[in-house]
Amino acid sequence: MGSAVSELPSRRTPLADAAETGLKIVIVGGFGVGKTTLVRSVSEIRPLNTEEVMTQAGVGVDETHGVAAKTTTTVAFDFGRISLNERMVLYLFGAPGQERFWFLWDRLFSGTLGAVVLVDTRRMDDSWYAIDRLEHHKTPFVVAVNRFDNDPSRYSLDEIRQALALPEHVPLIDCDARVRSSGKDVLITLVNHLYEQAMTREMTP
Amino acid sequence: MIRRPVDTGDPDRLYTVTGGRSRADDAFDLVTLVVSECAPTAGMQSEHARILDLCRHPTAVVEIAAELKLPITVVRILLGDLLAMGNITARHPRAAQSVASLPDSALLQEVLHGLRRL
Chain A
1 MGSAVSELPS
11 RRTPLADAAE
21 TGLKIVIVGG
31 FGVGKTTLVR
41 SVSEIRPLNT
51 EEVMTQAGVG
61 VDETHGVAAK
71 TTTTVAFDFG
81 RISLNERMVL
91 YLFGAPGQER
101 FWFLWDRLFS
111 GTLGAVVLVD
121 TRRMDDSWYA
131 IDRLEHHKTP
141 FVVAVNRFDN
151 DPSRYSLDEI
161 RQALALPEHV
171 PLIDCDARVR
181 SSGKDVLITL
191 VNHLYEQAMT
201 REMTP
Chain B
1001 MIRRPVDTGD
1011 PDRLYTVTGG
1021 RSRADDAFDL
1031 VTLVVSECAP
1041 TAGMQSEHAR
1051 ILDLCRHPTA
1061 VVEIAAELKL
1071 PITVVRILLG
1081 DLLAMGNITA
1091 RHPRAAQSVA
1101 SLPDSALLQE
1111 VLHGLRRL
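Heads up: the protein sequence lines correspond to chains A and B, in order. Quick note on the working numbering: the first sequence kicks off at 1 and runs consecutively. Quick note on the working numbering: the second sequence kicks off at 1001 and runs consecutively.
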């Protein structure tokens, strides 16, 4: 992570004064799969990092047998942004796929347009859990396979769809998270998918 | 008692920043855009002053948190203070009120146009 060369200005450029609507898309994936790289490739700002603390006794988060339960868990995430027009700004969040993160999903990412599950074919196990949780949260998503240069396997998309037990209606695409046009295609695939779902809903009385 | 520098980002410091409060104002979504309605004044809590400086242009809650290097919950508490004092206004996202509310096709069309222009 954080390996891509950034040509973005280091100073934060402000949004247009007319900006009024913030939107969210979440990129979920295991450690090192390229979430931050994808955010960076399409973001107009250098990706920023922030965190949220969970103060409740975290159920199932940390097994602290006999010891007073740990009371704070910190989840850090990166984000970038794209000004879509004078009024609308899209925020992209790179979210870790591990279990403790999902306790904060509703608090942080309620109202998200949708999600991208970023997959590394060398560590597909990481993706199952994310896909399961997104289905549970009824968050629409697409799956993007980040093809690294030296991906020795080159599993076909069909093979990956089978391995992930991914339903036919969920779009599955290849990408190179380092390349801006490829990252842009991933986002367009997601929003197209959301658009088609919305059209279907609106046509159904 | 061992004294530590104030600015360590540990829970003690967060406790001080929020005056001991831990309940955040849920009105502030991650992408609620915050705009200052006045300049910082002398004697104001430094975090409040920094937020007012930062939000001279619309700034999302998550960007404020990243700039101040404070957790989201703490920033929401501070924003609640500023809102109550009339020092900021908030532009809330349209669809974020419930998990189930789905965006309409017109909004998504606008998003698509914006992305294609990238």
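Beta carbons are placed, not taken as given, at the ideal position from N, Cα and C, and that holds for glycine. Owing to the predicted nature of the structure, the values given are computational and were not obtained by experimental measurement.
If you check the CB distance, G30/A and G97/A come in under 8 Å.
Taking C-beta atoms as the reference points, L1033/B and G22/A count as a pair closer than 8 Å.
In the structure shown, F103/A falls within a helical segment according to DSSP collapsed to helix, strand and coil. Between V179/A and A1090/B, the alpha-carbon positions lie close to 35 Å from each other. DSSP places L92/A in the strand class (E or B) of the three-state scheme. Assignment of beta-bridge partners to I82/A by DSSP yields L90/A. With a beta-carbon spacing of about 14 Å, T1018/B and E52/A fall beyond the 8 Å limit used to define contacts. Taking CB atoms only, L1033/B has a neighbour in chain A less than 8 Å away. Taking a beta-carbon distance threshold of 8 Å, K184/A counts as an interface residue toward chain B. With respect to R81/A, S43/A sits close: the two C-beta atoms are nearer than 8 Å. Chain A has no Cβ within less than 8 Å of the Cβ of E1037/B.
The three-state secondary structure of V170/A, taken from DSSP, is coil. At least one CB atom of chain B sits nearer than 8 Å to the CB of P14/A.
At a cut-off of 8 Å between C-beta atoms, K24/A counts as an interface residue with respect to chain B. Taking a cut-off of 8 Å on C-beta distances, the stretch 126-145 of chain A touches the stretch 162-176 of chain A, as three or more cross pairs fall below it. For S43/A, there is no enclosing beta strand (DSSP E), as DSSP marks it with neither H nor E. Note that the C-beta distance between F79/A and L92/A is below 8 Å. Counting only residues of its own chain and dropping the five nearest sequence neighbours on each side, R87/A has a CB closer than 7 Å to the CB of A18, A19, E20, T21. Among the residues facing chain A, I1072/B is included, as its CB has a counterpart in that chain under 8 Å away.
Identification of chain B residues near D17/A by a Cβ-Cβ cut-off of 7 Å yields H1057, P1058, ordered along the chain. The shortest C-alpha to C-alpha distance from S1105/B to any of I45/A, M199/A, P205/A, T204/A is the one to M199/A. Between V1111/B and L164/A, the C-beta spacing is not below 8 Å.
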